[in-house]
Amino acid sequence: MPSLTVPQTPRYVPALPTKENLQYADLAIIDLSKAATAEGRAELAVELREALATHGFCYIINHGYTQAQNERMFDIADIPMSGVPEEEKRVYTGDSKKTGIFQGYKPRQYWHIDAGVRDQHEHYNCNRHVYSLMHPQALRPFLPDIDAFVRHNHHNILHKICRLMALSLELPEDTFVKLHDFDAPGVSYLRFMKYFPRSEEEEVQTKNVWMKGHTDFGSITLLWSQPVAALQIQTKEGWRWVKHIENALLMNIGDSMEFLTGGFYKGTIHRVVQPPIDQRGYTRLSMIYFSFLNDDVKLVPLMASPVLQRVGVERRCEDDVAPTMKAWRVARISAYGASDLQKGKEPGIEEEPLFPAALLIIDILPAALPVSASSGPASHSVISAVVIPSSSSASHITISITTISSPKLLTSTIPTSTLPRHLSSSHTNNNPISLRHPCVITSPSSPISASSQSTIFSPPPPPPPLPGSPQGMPAVARGEQQSPPVQGYQNLTQITVN
């Protein structure tokens with residue numbers, strides 16, 4: 006018989022709110038309880054549109070969780086960091102640089118911050134399908150709490166915000182809800198994250214920056230407010246601190262929403278810095294729900310919106326070669342913390358490149374393709390890949406295309422000197438670059454079925470199951486969702502970009 010008692014958690018005691026007089030951002034507060042009525046949603050849609058247009062961030066209150074539930078979840082959030090032995094943590098450590106997925110532990114010192122200094126924060130990432138993967142022993146009694154929390158974030162908060170955003174663009178209310186289907190292929194996930202104090206030498210070397218200035222690359226981020234002041238957002242007046250509000254959460258949009266709205270809503274650069282003096286020496290514990298669009302959503306402006314039709318859009322790239330959510334997510338996750346920094350707007354401050362990416366379009370010439378008995382000569386086709394050089398000083402990018410029967414069907418090298426200067430030297434442009442590169446396939450060892458203007462994105466290698474996972478577990482249990490079959494190039498298995 007199931008136990009009727011709720012398992013007790015060790016108590017996490019955070020620092021008291023700072024008493025220092027900081028320059029705070031004046032962020033709007035969205036009362037989500039008003040979303041229960043059509044009139045309330047119409048009112049909130051206007052408030053949200055103004056908030057996102059002004060700062061890209063806002064507070065959410067009356068979201069459905071009580072203060073007691075909030076405190077219990079923060080207690081649970083600390084268990085993966087404080088209640089799991091280091092040896093067991095290594096068993097559940099992921100490798101986002103290789104898989105393009107955040108799952109399991111990200112250990113401390115995994116990312117480069119600046120001047121050779123590595124990060125000092127640890128996090129545990131949990132796919133929204135909480136029971137699809139094994140978890141550390143100490144966390145297992147609390148999986149019902151985590152599962153309920155994830156579903157509350159997704160269905161009761163995220164989906165309500167999605168409805169407000171749709172209304173703000175004069176689209177059908179369920180437009181963004183459908184693009185954030187809980188059960189569709191995709192990787193929305195919950196993160197428990199803990200920052201640890203650093204040495205004074207590291208603070209000097211990194212200019213007190215704990216996480217570099219960046220935009221989120223998903224769609225909507227929900228950050229539950231906690232008292233340690235460290236988060237800053239970039240405003241027209243410069244960097245401004247974000248103030249803690251008890252039992253509130255912060256909401257901001259990421260790259261993919263900027264794609265879909267044609268720049269109407271823009272992701273705001275934000276960073277984490279050393280806390281004020283009266284909070285130094287304390288750890289900083291966070292709970293974040295990162296939402297992503299369904300994997301197969303193509304990142305093009307939603308031109309059905311009367312608002313976007315009136316104001317116009319800023320396309321990041323041509324619609325026919327726009328990346329999917331999956332392609333963009335894999336590229337951004339794999340590159341984070343590995344690329345060179347760029348100069349920020351303030352003197353002496355450097356930031357993570359916002360979009361250190363090129364959308365590389367490889368033209369496969371018709372004459373080089375084999376003739377298919379069923380369809381005749383193959384028509385002109387295009388392969389696309391999101392390219393993120395690991396360093397602005399890289400001399401070349403190598404593209405390798407493999408098929409099931411031919412491990413090296415095509416290899417081509419592109420000198421970075423042929424890339425646009427702002428990509429090859431500093432990565433400072435906010436848009437991916439459409440770069441067409443002609444490649445000729447000679448004597449292919451297997452036929453390639455091609456269709457006109459077909460677009461294929463490189464799939465990452467499937468991550469191995471975490472140790473302790475049942476054998477034969479489906480792909481969703483490995484943290485990777487199944488994508489629908491790609492049309493065209495039926496034998497093509499992978500595009501590799503180095």
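Just remember that this note's numbering sits 5 ahead of the position in the sequence shown, which is counted from 1.
Here a beta-carbon is modelled for each residue, glycine too, at the ideal position from N, C-alpha and C.
inquiry  = Can you look up cysteine 322 in the DSSP assignment and give me helix, strand or coil?
reply    = Shown here, cysteine 322 sits in coil according to DSSP, grouped into three states, outside any helix or strand.
ask   = Who are the Cβ neighbours of alanine 20 in its own chain at under 7 angstroms, not counting the five residues just before and after it?
value = Around alanine 20: Pro232, Val233, Gln284 and Tyr287.
message = Any contact between the segment 55-62 and the segment 269-276? By contact I mean 3 or more CB pairs, one from each, below 8 angstroms.
response = The segment 55-62 vs the segment 269-276: in contact.
query = If we call anything under 8 angstroms between Cβ atoms a contact, is tyrosine 200 one with valine 247?
reply = No. Outside cutoff.
query = What do you reckon, are the CB atoms on histidine 140 and cysteine 167 nearer than 8 angstroms?
reply = Pairing histidine 140 with cysteine 167 gives a Cβ-Cβ distance that is not under 8 angstroms.
query = In three-state terms, what does DSSP make of leucine 184?
reply = Coil, per DSSP.
ask   = Smallest Cα separation from proline 190: which of Tyr64, Ala47, Asp301 and Leu37?
value = Restricting attention to Tyr64, Ala47, Asp301 and Leu37, the CA atom closest to the CA of proline 190 is found in Asp301.
request  = Alpha carbon to alpha carbon, how far is leucine 169 from phenylalanine 147? Give it in angstroms, no decimals.
outcome  = Each residue's alpha carbon lies about 32 angstroms from the other.
request  = Less than 8 angstroms between the CB atoms is what I'm expecting for leucine 290 and tyrosine 29, so what's the real figure, rounded?
outcome  = Wrong, their Cβ atoms sit about 21 angstroms apart, outside the cutoff.
Cut-off 6 angstroms between Cβ atoms - residues of its own chain near asparagine 26, not counting five sequence neighbours on either side = Once the five neighbours on either side are set aside, asparagine 26 has no close Cβ partner at all.
query = Residues in its own chain within less than 6 angstroms of glutamine 239 by CB, not counting five upstream and five downstream?
reply = Cβ within range, chain order: Ile274.
task = Answer with buried or exposed for proline 306, where buried requires no fewer than 16 other C-beta atoms within 10 angstroms of its C-beta.
result = It counts as buried.
query = Of all the beta strand (DSSP E) runs that stay within the bounds of the segment 191-221, which reach a length of 3 or more residues?
reply = For the segment 191-221, whole beta strand (DSSP E) runs of length 3 or above, ordered along the chain, are 194-200 and 214-219.
task = Please confirm if the segment 191-211 is in contact with the segment 150-165, defined as three or more CB-CB distances below 8 angstroms between the two stretches.
result = Segments in contact, yes.
request  = Give the DSSP-derived three-state secondary structure of isoleucine 282 in the structure shown.
outcome  = Three-state DSSP puts isoleucine 282 in a helix.
key: Counted within 10 angstroms of its Cβ, other Cβ atoms place aspartate 325 as buried (16 or more) or exposed   = Exposed, by the Cβ-count rule.
ask   = For threonine 240, which residues does DSSP report across the bridge?
value = For threonine 240, DSSP records a beta bridge to Gly243.
task = Could you spell out the range, first to last residue, of the beta strand (DSSP E) harbouring threonine 226?
result = Element bounds for threonine 226: 225-229.
ask   = Under three-state DSSP, which class holds arginine 426?
value = Confidence in arginine 426 is poor, its pLDDT being 33 and thus under 50, which makes the residue's placement unreliable; the coordinate value appears in the next sentence. Three-state result, arginine 426: helix.
key: Contact the segment 170-181 vs the segment 309-317: 3+ CB pairs below 8 angstroms   = Output reads yes: the segment 309-317 touches the segment 170-181.
ask   = Cα separation between glycine 268 and lysine 331?
value = Spanning the alpha carbons of glycine 268 and lysine 331 requires a straight line of approximately 20 angstroms.
inquiry  = Please report the straight-line C-alpha distance between glutamate 242 and leucine 236, rounded to a whole angstrom.
reply    = In a straight line, the C-alpha of glutamate 242 is about 16 angstroms away from that of leucine 236.
request  = Could you pull out every residue in the same chain whose Cβ sits closer than 6 angstroms to the Cβ of leucine 298, ignoring the five residues on either side in sequence?
outcome  = Here the set comprises Leu184, Ser224, Ser261 and Met330.
message = Suppose the cutoff is 6 angstroms on Cβ atoms and the five residues either side in sequence are ignored; what does the same chain contact list for proline 12 look like?
response = Within its own chain, the residues whose Cβ lies closer than 6 angstroms to the Cβ of proline 12, once the five positions on either side in sequence are excluded, are Pro146, listed in chain order.
key: Simplified DSSP state of histidine 128, which is helix, strand or coil   = Collapsing the DSSP output to three states places histidine 128 in a strand.
query = Looking at phenylalanine 187 and histidine 157, is the spacing between their C-beta atoms short of 8 angstroms?
reply = Taking a C-beta distance under 8 angstroms as the contact criterion, histidine 157 and phenylalanine 187 do not qualify as a contact pair.
message = Please report the straight-line C-alpha distance between alanine 336 and glutamate 48, rounded to a whole angstrom.
response = Distance between the alpha carbons of alanine 336 and glutamate 48 is about 37 angstroms.
key: Residue environment, glutamine 72, which counts as buried when at least 16 other CB atoms sit within 10 Å   = Burial call: exposed.
task = Count the other CB atoms, across all protein chains shown, that sit within 10 Å of the CB of serine 101; report buried if there are 16 or more and exposed otherwise.
result = Around the C-beta of serine 101, 16 or more other C-beta atoms lie within 10 Å, and the residue is accordingly described as buried.
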